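Have a look at the structure below, then the notes.
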Amino acid sequence: MAASLADTVAGIKTVVVLGSGAMGAGIAQVLAQSGYSVIVRDTEERFLKKGKEGIEDSLSRLVKKGTISLSDKDGILSRLKLTTEFEKVKNGDFIIEAVTEDLEIKKEVFRQLDSLAKPEAVIATNTSSLSVTELALCTKRGGKVVGMHFFNPVPVMKLVEVVRTGLTSQETFQTTWDLAKKMGKEPIEAQDTPGFIFNRLIIPYLNEAFWAVYEGIGKVEDIDKAMKLGGNMPIGPLQLLDLVGLDVQLHACETLYREFGDPKFRPCPLNRFMVRMGYLGRKVKKGFYDYVADPPVPTIIDTGVKYRIGSH
Ligand SMILES: NC(=O)c1ccc[n+]([C@@H]2O[C@H](COP(=O)([O-])OP(=O)(O)OC[C@H]3O[C@@H](n4cnc5c(N)ncnc54)[C@H](O)[C@@H]3O)[C@@H](O)[C@H]2O)c1
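Printed below as a string of structure tokens:
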């Protein structure tokens, strides 16, 4: 008989989150909101402080909206413990790794986790683009390793991709799935292939939006309008690229291209060109749109010869 949700997660009291960046802090917040004791580990106090401030701001907004009370907020914060000591991973019944997206850094973290974490603890990685299998192979407990891919901002986004490798045991998969549900998320199952499900679909879509501009199919505003009004998307692809970061898109697209070797993933030259020119999106106030202007205006100028970016 299949185990019930209560059975699989009953033993989980303390969750360790590695990394207190945008994702780690968000994951820790939602876990604490779901009643778990959470230990957040980062390498330096200043990163932990930044993560904690982000959580406090997010909870204050929920109090302001009336979603939670002030005493709820205090309760949530009391369940969060921050540390720079790696040894604290010993206390985790479930571990979520959300450190910098760098294979060598993550491999080292997995080796250390394998020697210190409880033998029964599941080790989940929030990686967006690296191979979960490769990380699992850094441990002697491949059956306990799984992908748990959250979306940014974690407190808002419902989706979690639960990623199986060829080594992941059914028990590990089910526990991770049930924990995602306990966190109020909607899990989906994905195989450990580059980009899993969501990025496999969204990255070529965004790359195609670059090609549309590059080939002069339409104006920036019209490409966005096409997908908003014709596709019922909440935001156009070029606006989305500005939000995600053009450098992040380029990196992700290069990864798919390299991993699959399929020309359909070839990054549009305009992506590389804009990144080199420093047009990275909202974080630098310029991408497909110039965000210094209010309202933002397109930065791509049709010179009649070649589309180019800039204000002159
Ligand atoms: N940002 C996104 O939109 C997004 C979405 C889904 C998944 N992810 C994935 O989540 C992970 C984290 O991304 P992020 O955007 O939060 O990155 P980030 O750069 O904001 O944070 C990473 C944090 O990890 C810390 N860190 C580095 N080495 C560490 C170690 N050994 N132990 C503990 N902490 C360590 C860094 O100090 C930093 O605070 C990455 O794997 C990324 O691919 C990101």
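Numbering-wise (this note's numbering), the sequence shown opens with residue 4 and increments by one.
No residue lacks a Cβ here, since even glycine has one placed at the ideal position from N, Cα and C.
Just so we're clear, the structure is a prediction, and the values are computed from it rather than from any experiment.
Residue nearest to residue i in terms of C-alpha spacing, selected from the options
i	options	result
residue 129	232, 28 and 294	28
residue 197	132, 121 and 265	132
residue 258	88, 206 and 49	206
residue 17	91, 51, 63 and 149	91
residue 216	292, 264, 40 and 176	292
residue 178	149, 200, 202 and 204	149
residue 214	203, 204 and 226	226
residue 175	139, 93, 208 and 203	139
residue 87	280, 211, 161 and 19	19
residue 37	25, 53, 76 and 47	76
residue 263	203, 229 and 63	203
residue 230	26, 270 and 208	208
residue 25	218, 158 and 261	158
residue 199	271, 155, 109 and 151	151
residue 103	266, 46 and 280	46
residue 137	233, 74 and 114	114
residue 190	74, 63, 171 and 160	160
residue 135	266, 65 and 107	107
residue 201	173, 172, 155 and 70	155
residue 1	297, 286 and 280	The shown model of the chain, from 4 to 315, leaves out residue 1, and the question about it has no answer.
Cβ separation of residue i and residue j, assumed to be a contact under 8 Å, to the nearest whole Å
i	j	result
residue 97	residue 125	5 Å
residue 117	residue 143	6 Å
residue 249	residue 290	6 Å
residue 43	residue 83	7 Å
residue 244	residue 212	7 Å
residue 223	residue 301	4 Å
residue 85	residue 119	Actually they are not in contact, since the Cβ atoms of residue 85 and residue 119 sit about 18 Å apart, beyond 8 Å.
residue 54	residue 23	3 Å
residue 210	residue 122	Contact flag wrong, Cβ pair sits at about 43 Å.
residue 147	residue 163	Going by Cβ atoms, the distance from residue 147 to residue 163 rounds to 18 Å, so no, they are not a contact pair.
residue 21	residue 101	6 Å
Test: residue i CB closer than 8 Å to a CB of chain D
i	result
residue 159	The structure shown has no chain D; it contains just one protein chain.
Per DSSP, the bridge partner or partners of residue i
i	result
residue 192	165
residue 2	Limits of the chain in this structure are 4 at one end and 315 at the other, which puts residue 2 out of reach.
residue 284	289
residue 86	44
residue 223	Its beta-bridge partners do not exist; DSSP assigns none.
residue 33	BP columns for residue 33 are empty, so no partner.
residue 150	128 and 166
residue 301	292
residue 19	42 and 98
Distance cut-off 7 Å: residue i Cβ against heavy atoms of ligand 3
i	result
residue 290	The model on display carries ligand 1 but not ligand 3.
Cβ contact (3+ pairs, closer than 8 Å) linking the stretch 269 to 278 and the stretch 248 to 259: By the C-beta criterion, the stretch 269 to 278 is judged to be in contact with the stretch 248 to 259, since at least 3 inter-stretch pairs fall below 8 Å.
At least three beta-carbon pairs within less than 8 Å, the stretch 167 to 176 to the stretch 186 to 195: yes
The stretch 180 to 189 / the stretch 233 to 251 touching (three or more Cβ pairs under 8 Å): no
The stretch 85 to 100 contacting the stretch 9 to 18, beta-carbon criterion three pairs below 8 Å: yes
Segment contact flag, the stretch 23 to 37 with the stretch 57 to 71, C-beta cutoff 8 Å, min 3 pairs: Output reads yes: the stretch 57 to 71 touches the stretch 23 to 37.
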